[in-house]
Each structure stands twice: as C-alpha cells, then as structure tokens.
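**Student:**
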Amino acid sequence: MTDTPAPARDYRDTVFLPKTDFPMKAGLAAKEPAILERWAKLGIYDRLREQRLGRERFILHDGPPYANGDIHMGHAMNKVLKDIIVRSQSLMGKDAPYVPGWDCHGLPIEWKVEEAYRAKKLNKDDVPVDQFRAECRAYAEKWVAVQKGEFERLGVMGDWADPYLTMKYDAEATIVGELLKFAESGQLYRGAKPVMWSPVEKTALAEAEVEYEDIVSTQIDVAFEIVDAPNAPELVGAHAVIWTTTPWTIPVNQALSYGPGMHYQAFRAADGRRFLIAFDLKNEFERRTGILLDSGDLQEITDRQILGSQLEGATARHPMHALGGFFAKPRPFLPGDFVTTDAGTGLVHMSPDHGEDDFELCKQYGIDPVFAVDGAGMYRTDWAWLGGQGSVINKKFVAADGPICTDLRATGALLAASDDFKHSYPHSWRSKAKVIFRATPQWFIPMDAATSVGTQGASTSLSTNGVGDSAAPPFALSEVEGPGSSNGATLREIALDAIAATTWIPARSENRITSMVQGRPDWVISRQRAWGVPIALFVNRATGQYLNDSAVNARIVEAFRQNGADAWYADGHQALLGSDYDLADYEVVKDILDVWFDSGCTHVFTVEARYGEGTRANLYLEGSDQHRGWFQSSLLESCGTRGRAPYDAVLTHGFALDGQGRKMSKSLGNVVDPLKIIGESGADILRMWVASTDYFDDVKIGKEVLATASDAYRKLRNTFRYMLGALEAFDGSERVAVSDMPELERYVLHRLGMIDTELRQAAEGYEFNRYTRLLTDFANEDLSAFFFDIRKDSLYCDAPGDVKRRAYRTVLDVLFHALVRYAAPVLCFTAEEVWQSRFPSDDSSVHYLEWPSLPSLDADDVVGAKWQEIRALRVAVTEAIEPLRREKTVRSSLEAEITVPTMLLDADALAEAFIVAKVTPGDAVTVTRTDFHKCGRCWRHLPEVTTDGELCDRCEEVVAHA
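All you need for the working numbering is the position in the sequence shown, starting with 1, plus 330.
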C-alpha cells in the first residue's frame, strides 16, 4: 500500500469575502423608470423644498426650449448640465428650486400648424385668427407634455407639476405689462427701416432666428450713365459701374455711393464707352466683365484720375429710365464711409429699402424707401418694372438669364452677369429659406435714446402715414425718440454696464456679448404673425401717437390675465379704452411681439413672481448661441424696465457634435438620439458623458465617446459595489477613532479631505468636467488601485475584531457616505440605487442628503507627504516586478522579494503596502523570487509557513477562534 498525501484543506469558508446583492451589471434602462416612479410617489422635489426652507436660495432660471418636437442631444446636454448644477447646490445645503419652462409662441409652432394646413390644401390666411391661435396652443400643449416626459426621463428634477409656459394667461399678461412699461417710459417707437424679412414666413426675423449658409448667387455689373457732374464735368456721358450680388435690388435703386478719399478713373473701352470705377479695381473689373480698358500713358492716367469727393453733386440715370416716373428721377452720388476697394467697382448702388447702410445714408439726404417689394418677396403690382413678379429669392428670377438681367441687357447696361458667386448668406432657421433686408413699418425699442428707467414717460409720437405692403411710399421715416424730458443713460449704456457687473463663464464669453450689444441696432420687437402676444397698443389716427394711459394699460393687462392674449382679438377694444376714448379714432395694432421679447420676460413671471419682486437668478445657463438670443433679450428687457441684468452669472456651453466633430444633421445621417441612448444604456450613461465633457466648448458624442463614458461609469459602479460588500453588517460598535487608526487609514482620510475641498471648489465653479474627473480618479487610483488593493488582505483574512480591519471598515464607511453624495448630482439614479441598497427605506432618498461632514483630522501633511513617497515607490516596485511576471519567474507580486533604497515604513508594513513577500533595504529597487512558502488561507508567502498550504500564524489564530 502507498501512502497518499491528504488533500490540502479548502479555507474559503473561513475568509471574510464581501457580500452584497448590488449587481455588477447596471441594467439602467430597466431600473431608472422604477426609480423615477418612486421619486414621484415620494414627492421628492416638494419634500426637498420643505427640508431646505429658510436656507440660502440658489436659482438657476431655465431658458425655455420651443415646444415643437422630441428632444435632441442639445436639449439633453443642456438639461442634464442644469440638473447637475441644481443638485450640487442642493447637496451644498442650499434651497435650489428648478422651474422648467417652455417657449410656446412664435414662428416654430406656427410653421408646424401651417404645414398641416398646406398638407390639406388650406391657406392659413383663410382661417379665423381665433381658430388658428387655438390650434397653435393645442400643438404647443401636446409637445410640452411630450418633452416634459422626456426631460424627466433624463433624471431632471424640478417643478414639473407647475412649469412656466409663455402661453399661460398670467405669463401673457406679464409680457404685455412689460411691453407697456417700455411704452410708458418712452422706450418704444414705430418706424420703417430695413429688417431681416422672410418672404416665406412673411414676417420680420431677429438675428437669433437666422442662420448663415454658403450659397452661390448671381453677380452682375451694371452701368449707370452720368448726366451731371459739376466738380468733374468731363465725366458726363461716362457710365458709373456698380457690382452687386442682389440683382433684385436694382429695380429699387435710388442712388450711388462713392468713397470720398478713393481714387477713380473713367477708363475707355474698345467701343468708345467710358466706365467710371475705382482705379485699384481695374484688373478685377476686366476679369469679371471681359472688357479691356485703355489706361493711356502715365501722364494721362494721372490727369484722368479724380478723387471721390469730386463726385459730390453728380447724378446718373437709372438703366430703366425710359419707364418714366420713379425710374426717370436722377440718381445722386452720395459719400459713403462704408465704400471700399475690397471688391466690386468702388461704387455701390443704394436701395434704402433693402440695406442698413443704404437706408442710413439715403435718410441723411431725404431719400425714403419706396416699399416696392411686398411681404411675399414680390414687386408691387403697380411697380412700373416687373410689377407683380418675383419672388426675389427665387433663383431663376434673379439668374443671369432671368427677367431682371434680360431687361438690363436689352438696355445695354448689363456689362456682366454670372451665376457663380460663392458667399455666406442669411436664411431663416425654421423654413431654411433665404431672407432679405426689407424696409417695413415695425415697432422698435431704441438702443441709444436717453431714458429714465422706471419713470413713466410722455406718449411717444409715431410715424404712421400708412401701413401695408401694397401702398405706394406710405410711411414717413422720421424715427421718434423717447420723451424729451429724459436725460438718463441709454439702454445700450445700461446694458453694457450690466454686462460688466455680471460673472461670465467662461470669462471669454463676456467679450462676445459685449461686442454684440455694442454693435446691435435698435431692437425690432414686432412680427407680422398671429400666434404670440400682441403689441397691445392703440395708435391715434390723427396724431400718429400711441395712447399712453395707465388706466387703459391696466385694463389691457387685466383682460390678458383673465382671458389670455386672445382678449386682444375679441370685440372688446372699446371696453379696454373706456369712456374717455372713441375706438373710431384709434388704430388697433395687430402685430405680435418678437418671441425673444416673450422669453426675455420669463424672469418676471417666473423668478420674481415666485420668489419676490426684485429677485434675480443666480445663474442663466444655455448654449453659446444665446449671446444673441435669450441672454441678450433678457438683459435688454430687464435693463429697460429695471436698470439691471436679471442674472448674477451666465454660463455658456458648446454644441453637441457627432463623433467626428460634425454638426448633427438628418441629411448626413449622423444624428445621435438621446432617447435611444437612454433606452439602450440608461440616462446615467448620458449624464456621465455630459459631466465628463469640456462643455465650455463644442463636444463630441458617438459610439467611442459613449463607450469611454460607460467604462468610467462601470468602474465607479464597481467601487460602490465593493464598498457595499465590504461594509456588510457594519455598525457603529465597530468604529475606530481616527487617532487609533493605522497610518494608511489616516492617509486615505487625509486624501479624502483634499479631494473634498477640490470637489466643492469645482461644484461652486460649475466645473463638472473637473468634478467628475476628481471623483473617478480618486475612486480608481486612490481607492481601487491602492487602498482597496492593500487592505483586501486585512478585510478577507484578519479577525472581525482586529483593529486594523475595523479601522479599514470605519474608513470605508466614511468613504461610502462621501462618495455616494459626491456622485448623486451626476449619477442621480445610480446613487439612489446604491443608497437604497445599503439603507433601504420607503421614504428616504440620497438626494435629501447634504455635503458630507468628514472626520476631523489634525493637519497631517507629514503623513500625506510620506505616503505620496510610498505610493511613488510602490509604482517603481510594480514596474520592477512586471518583467519577472511576464517571464513567469513569479506568478504574482506575493512571490516577490524586494529591495528598496528607502525604508519609509518597517519591513512588514512595506511588504503589506507593496503586496510582496519581503522588503529589505538596498541601493536600488530589485526583485527576486522568494523562498517563503505560501499560506493556504491568505496566500501570502511568509517565513513561518514551512510547507505550501499550511497556515501562517495570523490565519491559524483566526481559524481557531472562528
């Protein structure tokens, strides 16, 4: 018989392994809706308001998205970032309400309702206005409900039961009330000047409603025969040449402009004609027209050159002068400081109807717009040339072979025409159609009129000598300032001061909005549409003044409060005027307000209405495009009525691009749908991505980017899972005082304190990219790869009552309470899952908690510095072991003996920190395989173990007392 060695005992049942039901696999897409349902039952938002009542308040005022369609990635990024900030402020102990809102008026919603009409072959203009407005309201209500659910699914916590809507009656009453404040203080006038106009939507557009796209236009060179030139009589009979990329403005030309300090010459062509152009643009003219010009000899060139100032008093005739009337009037030459030699001919044709420079220059010389192009982009039917034709944005109509060029060619005035000029051009962001500059009667808030904010002004005189597109030159053009009694600062000055007093994040954004406000024109607040808040004014037909009566204004506001803006479309205008005025004497203004004015008032009917008059938001947060949109309209509205900005700070984020850094577009097929990500991976993955991005600039999202976010999430989740398991059955009796803890535990608490400070600074500075990186790096590098790695031996193998093990679990408890709080603003669902896994309760939530209160530690920078050295040495040891592991000299670090140049701890403690068999002093880091045998329970190689599989002294004692 042969003796068979007894099998080695399996000690797994004596090892204290972590125990938890918390799953490694998140399954967020399935879990998150249940968590949302639980929060709804708890009334978590209202409960938080009760708990934080009386605390310092932090108000992030929500910028309203349009209620028209499912949310996109830009929405998701914006709302998640807001939610992270609001939750972090609540975590820091503040009362941080969040009232979501929607922009419910305006063209985007009207356009969708009109699309439905067009599909049914119906004309919107044939539908009663009250019916059309009701359909717009219903459309907005539908999408508010849809988007509300989608935003909630992102984990965004707020007052979803009572959001603000610009179409609520109280909101509409407030909006019209704010308009009337401008009217009463004289900050309102009606005038005609060129504004961006959409012939498709038949309305004026704000700059924020316009986007620029590269297009190819028709460029033409047109000759105007000079008929008089008192300062250069030799020019009579020559042709002044203009170049333009808007041929459709030639039928509305009224003047030519020159640069007073520029040099011009009438060059002779082979056919004997002379063409007056800027001397420096001769080669450009020849290239474009194919007409070769004779320069003559040097002396002749000098003699024939003239300064632009010599063109003063000169006139030319329109190429279509034979039509008589408007076209027969001489076209004066006017000095323009905007004329350059950058392109063209050095002469610019002027149409005050269709250009800002044109309008301002012609206005100085008493030349008024003629309103030849109607709202649909057609020439008036009574216009002598091309009457009733168009549209002017129709490419064929303005093409080189179109009717404009054909008629000019017939007169001999068209020198060149080609459909090949590439440039950037404004388009309506909604219809995607080209816009035009068009002079129309509009309502304006002046930027440079002196005002006295908050003081009721006298009635403002208006120029209303005619309205409507079909009337021949109906409108007097004198712009009317505010009341003459005011000597206050201008709206522009007040706004610029308010910008300087505001905190801008990032700081560079201050320069952007400053330059925009410095250069912006008067605010066009009128739109020729139906769905919106009407400009509720009565204009005296005889005097052209709008009625400025506080009693009438109060009745208008109250009517809107009772019946909404629809009250203006009912038959109750005489009742609004009262007995002192006769409706027959007044024009009822039918224009509606620019939707940016609506949203610019949200601070009034949301922030002030809920938290008290004079309250302003701590923070506005939107995309960088809102410097010309909501940030600016809110600024101007508040400065015009309150003399200050409605916000203390403004944060701007970039746009969400695809994985390759391209703008998302359905045509490119690169749209990343946030709802799809949520459905597949869960909202917390999307939230992790948002928090991890450098969102002050444009950010990318795609499969690879999301995979990185998912990996970071997985590691953090596993950190929580480990702590939950390691803290199984932990209670207060097990705690160890900080003073009694081993040095490693005190070092980790020291590191936690440092991280805590940095996290708070990041949260206060809205730097959640930094915040998230700090949190994940601490969890991965300080904890998982270092602290947990070292102490797993103690956790698994030390006796439950061992001080070191108890100290470790005490620190784990501190870490758990801190990390779950830190994570809650970003990973709102997962943090709740983690908290409930350890502290299950029917009425508790991780989001009720406040910033962790850490154990008080003596400032132990010595321990901190010492353990930083140990960690650096540990890295060097690990790197030295790796070649032996690859060569299979050792299978794990536990089989290695190490020499190190510095013994920062005693040998046993260093061996434990490096997870090796033995550490001895030496000249450098060296590694050899140990001769010690392996403990059958803890797997450490120790000198007291005489045979592999036997127990070390510690394990033998633990097993004996188990």
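Ideal placement from N, C-alpha and C gives every residue a C-beta, glycine not left out.
Do P524 and F689 have their CB atoms nearer than 8 Å?
**Tutor:** Going by C-beta atoms, P524 is nearer than 8 Å to F689.
**Student:** Please specify which runs of the alpha helix (DSSP H), each continuous and at least 4 residues long, are wholly inside the stretch 461 to 549, giving them in chain order.
**Tutor:** Listed in chain order, they are 499 to 514.
**Student:** Kindly identify the DSSP beta-bridge partner or partners of P1251.
**Tutor:** DSSP lists V1230 as partners of P1251.
**Student:** If you draw a straight line from the alpha carbon of W1019 to that of A1039, how long is it in whole angstroms?
**Tutor:** Whole-angstrom Cα-Cα distance: 5 Å.
**Student:** Note down, in chain order, each residue of its chain lying with its Cβ closer than 7 Å to the Cβ of D460, except the 5 sequence neighbours on either side.
**Tutor:** Here the set comprises D896 and Y899.
**Student:** For D558, list the residues DSSP reports as bridge partners.
**Tutor:** DSSP, once it has assigned bridges, lists T645 as partnering D558.
**Student:** Can you tell me which of G589, L1184, A1129 and S1171 puts its alpha carbon nearest to the alpha carbon of F1146?
**Tutor:** When each option's Cα is compared against that of F1146, the closest is L1184.
**Student:** Determine contact between the stretch 392 to 406 and the stretch 472 to 492, defined as no fewer than three beta-carbon pairs at a distance below 8 Å.
**Tutor:** Taking 8 Å as the limit for Cβ pairs, the verdict is that the stretch 472 to 492 does touch the stretch 392 to 406.
**Student:** Could you tell me whether the Cβ atoms of I605 and L622 are closer together than 8 Å?
**Tutor:** What sits at residue 605 in the sequence shown is Phe, not Ile. No.
**Student:** According to DSSP, is M403 helix, strand or coil?
**Tutor:** Three-state DSSP puts M403 in a helix.
**Student:** Is it the case that the stretch 558 to 576 contacts the stretch 588 to 608, given that we only count it when at least three CB pairs across the two stretches are under 8 Å?
**Tutor:** Flag = yes, the stretch 588 to 608 and the stretch 558 to 576 touch.
**Student:** Quick one: what does DSSP say I636 is sitting in, helix, strand or coil?
**Tutor:** In the structure shown, I636 sits in a strand (DSSP, three-state: E or B).
**Student:** Name the two residues that bound the continuous alpha helix (DSSP H) containing K1196.
**Tutor:** Residues D1191 to R1216.
**Student:** For I636, which option in P563, M422, M846 and T670 has the closest C-alpha, if you only look at C-alpha atoms?
**Tutor:** I636 has its Cα closest to that of P563, out of P563, M422, M846 and T670.
**Student:** Out of F935, Y876 and A881, point me to the one whose CA is closest to D915's CA.
**Tutor:** For the residues F935, Y876 and A881, the minimum Cα distance to D915 belongs to Y876.
**Student:** Closer than 6 Å by C-beta to R598: which residues in its own chain qualify, once you throw out the five before and the five after it? Chain order, please.
**Tutor:** Cβ within range, chain order: R604 and D624.
**Student:** What's the C-alpha gap between P438 and F985?
**Tutor:** Computed Cα separation, rounded: 20 Å.
**Student:** Leaving out five residues on either side along the sequence, give the residues of the same chain with a beta carbon under 7 Å from the beta carbon of V546.
**Tutor:** The residues are D749, D750, F751 and K752.
**Student:** Going straight from the alpha carbon of K1006 to that of A828, what length do you get?
**Tutor:** The alpha-carbon atoms of K1006 and A828 are separated by roughly 42 Å.
**Student:** Identify whether T1276 lies in helix, strand or coil by the three-state DSSP scheme.
**Tutor:** In this structure, T1276 counts as coil in the three-state DSSP scheme.
**Student:** From the DSSP output, which residues share a beta bridge with N870?
**Tutor:** Looking at the DSSP assignment, N870 forms a beta bridge with Y916.
**Student:** So if DSSP puts H1263 in a beta bridge, which residue, or which two residues, is it bridged to?
**Tutor:** Paired residue(s): L1272.
**Student:** Taking buried to mean at least 16 other C-beta atoms within 10 Å of its own C-beta, is F462 buried or exposed?
**Tutor:** F462 should be labelled buried.
**Student:** Please state whether DSSP places R598 in a helix, a strand or coil.
**Tutor:** In the structure shown, R598 sits in a strand (DSSP, three-state: E or B).
**Student:** Got a sec, what are the start and stop residues for the beta strand (DSSP E) H569 sits in?
**Tutor:** Unbroken beta strand (DSSP E) run through H569: H569 to T574.
**Student:** Would you report the Cα separation of K1264 and L1281, rounded to the nearest angstrom?
**Tutor:** Cα to Cα, K1264 sits roughly 8 Å from L1281.
**Student:** Using only the alpha-carbon positions, how far apart do Q1198 and T1208 sit?
**Tutor:** If you take the alpha carbons of Q1198 and T1208, they lie about 15 Å apart.
**Student:** By how many angstroms is the C-alpha of V887 removed from the C-alpha of P864?
**Tutor:** Cα-Cα distance, rounded: 12 Å.
**Student:** Closer than 8 Å, CB to CB, is T741 near chain B or not?
**Tutor:** You won't find chain B in this structure, because it holds only one protein chain.
**Student:** Measuring alpha carbon to alpha carbon, tell me which residue in V882, A889, F1060 and G973 is nearest V783.
**Tutor:** Closest option to V783, Cα to Cα, is G973.
**Student:** Is the CB-CB distance between R661 and T645 below 8 Å?
**Tutor:** Contact flag set, yes.
**Student:** Determine the extent of the alpha helix (DSSP H) in which H1147 is found, giving its start and end residues.
**Tutor:** Taken as a continuous stretch (DSSP letters only), the alpha helix (DSSP H) holding H1147 covers V1133 to A1153.
**Student:** Leaving out the 5 sequence neighbours to the left and right, which residues in its chain are closer than 7 Å to A1241 when beta-carbon positions are compared?
**Tutor:** For A1241, where only same-chain residues beyond five positions count, the Cβ hits under 7 Å are A1247, K1248 and V1249.
**Student:** What number of angstroms, rounded off, separates the C-alpha of K498 from the C-alpha of P851?
**Tutor:** C-alpha separation (whole angstroms): 31 Å.
**Student:** Skipping 5 residues on each side, what residues in its chain have a beta carbon closer than 7 Å to that of Q584?
**Tutor:** Same-chain partners within the cutoff: R661, M680, S681, P682, C692 and I697.
**Student:** Which stretch, first to last residue, makes up the beta strand (DSSP E) that contains R992?
**Tutor:** R992 -> no beta strand (DSSP E), and no H or E assigned at all.
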